[in-house]
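Colleague: Sharing a structure below in structure tokens format, with a few things to ask.
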Amino acid sequence: MAMDIQLEDFITPRIMKEEYFNPGSVDIWLNEFEGYRSNGDIHTFAYFTKNNNQILMQARMQGDIIGVCSRCLEDAHIHIDTSFTIIFLPDSQRRHYGEDEEVELTSEELDVEYYRGNKINVDYLFREELILSIPYSPICSEECKGLCPECGGNLNRGECICGEADKAAFNRVKINVF
Numbered sequence: 240m241a242m243d244i245q246l247e248d249f250i251t252p253r254i255m256k257e258e259y260f261n262p263g264s265v266d267i268w269l270n271e272f273e274g275y276r277s278n279g280d281i282h283t284f285a286y287f288t289k290n291n292n293q294i295l296m297q298a299r300m301q302g303d304i305i306g307v308c309s310r311c312l313e314d315a316h317i318h319i320d321t322s323f324t325i326i327f328l329p330d331s332q333r334r335h336y337g338e339d340e341e342v343e344l345t346s347e348e349l350d351v352e353y354y355r356g357n358k359i360n361v362d363y364l365f366r367e368e369l370i371l372s373i374p375y376s377p378i379c380s381e382e383c384k385g386l387c388p389e390c391g392g393n394l395n396r397g398e399c400i401c402g403e404a405d406k407a408a409f410n411r412v413k414i415n416v417f
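The structure is reproduced here in structure tokens:
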């Protein structure tokens, strides 16, 4: 699936596009992140407003992915619901800089993309937003107890007994201070 915008589509100044990215497409987007995979379709929709050669994209993406819980290493279900806005300008309006020239971008410039020709593909923007929406340390639940620091057992499945065996061994040791 691909969300392409043809400039000829603008019969009216504003159009709406909707797309469902299937799990295979989403998994390709996530392939560089070990342990992450899709959990169904990702629903995307966007409004495009054209004013002369400038196109404003207001988009939203919703869906679910699965990652690895940072506490217990089990599956962490992550709901994605993000919105973003991008302005597309013709490539002829792009400022060109020297190869070694340092440039400080303004916050407005960070939301600008450039297009050539009569077709704009916006899939990569949804991929970027999906990646930016992934939490740094996903968890399976707020109540997750994590792993035992001694034996690595999952504490969500029950109490760990590895510490009790170690404590029993110390009960037989006498400490003589002097």
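The numbering used here puts the sequence shown at residues 240 to 417.
Using N, Cα and C, we set each Cβ at its ideal position, and we do this for glycine too.
Just so we're clear, the structure is a prediction, and the values are computed from it rather than from any experiment.
1) Starting from the Cα of residue 328, find the closest Cα among 299, 289, 366 and 265 and give me that residue.
2) Pop quiz: residue 362 and residue 326 are said to be a contact at Cβ under 8 Å. What is the actual Cβ separation, rounded to whole angstroms?
3) Between which two residues does the alpha helix (DSSP H) holding residue 371 run?
4) Counting C-beta neighbours from all protein chains within 10 Å, is the total for residue 260 16 or more, i.e. buried, or is it exposed?
5) So, at 8 Å on beta carbons, what are the nonlocal neighbours of residue 305 in its own chain, with the 5 sequence-adjacent residues on each side left out?
6) Cα-Cα, which of 266, 341, 297 and 311 is closest to residue 322?
7) How should residue 272 be labelled, buried or exposed, when 16 other C-beta atoms within 10 angstroms of its C-beta is the threshold for buried?
Modeller: This is what the structure gives:
1) Measuring from the Cα of residue 328, the nearest candidate turns out to be 289.
2) With 8 Å as the limit, residue 362 and residue 326 do not qualify as a contact, their Cβ atoms being about 18 Å apart.
3) Residue 371 -> alpha helix (DSSP H) spans 362–372.
4) Residue environment: residue 260 is assigned as buried (16 or more neighbouring CB atoms within 10 Å of its CB, all protein chains considered).
5) Taking C-beta separations shorter than 8 Å and ignoring five residues to either side along the sequence, the partners of residue 305 in its chain run 275, 276, 277, 278, 314, 315, 316 and 317, following chain order.
6) When only C-alpha atoms are compared, the closest one is 297.
7) With fewer than 16 Cβ atoms within 10 Å of its Cβ, residue 272 is classed as exposed.
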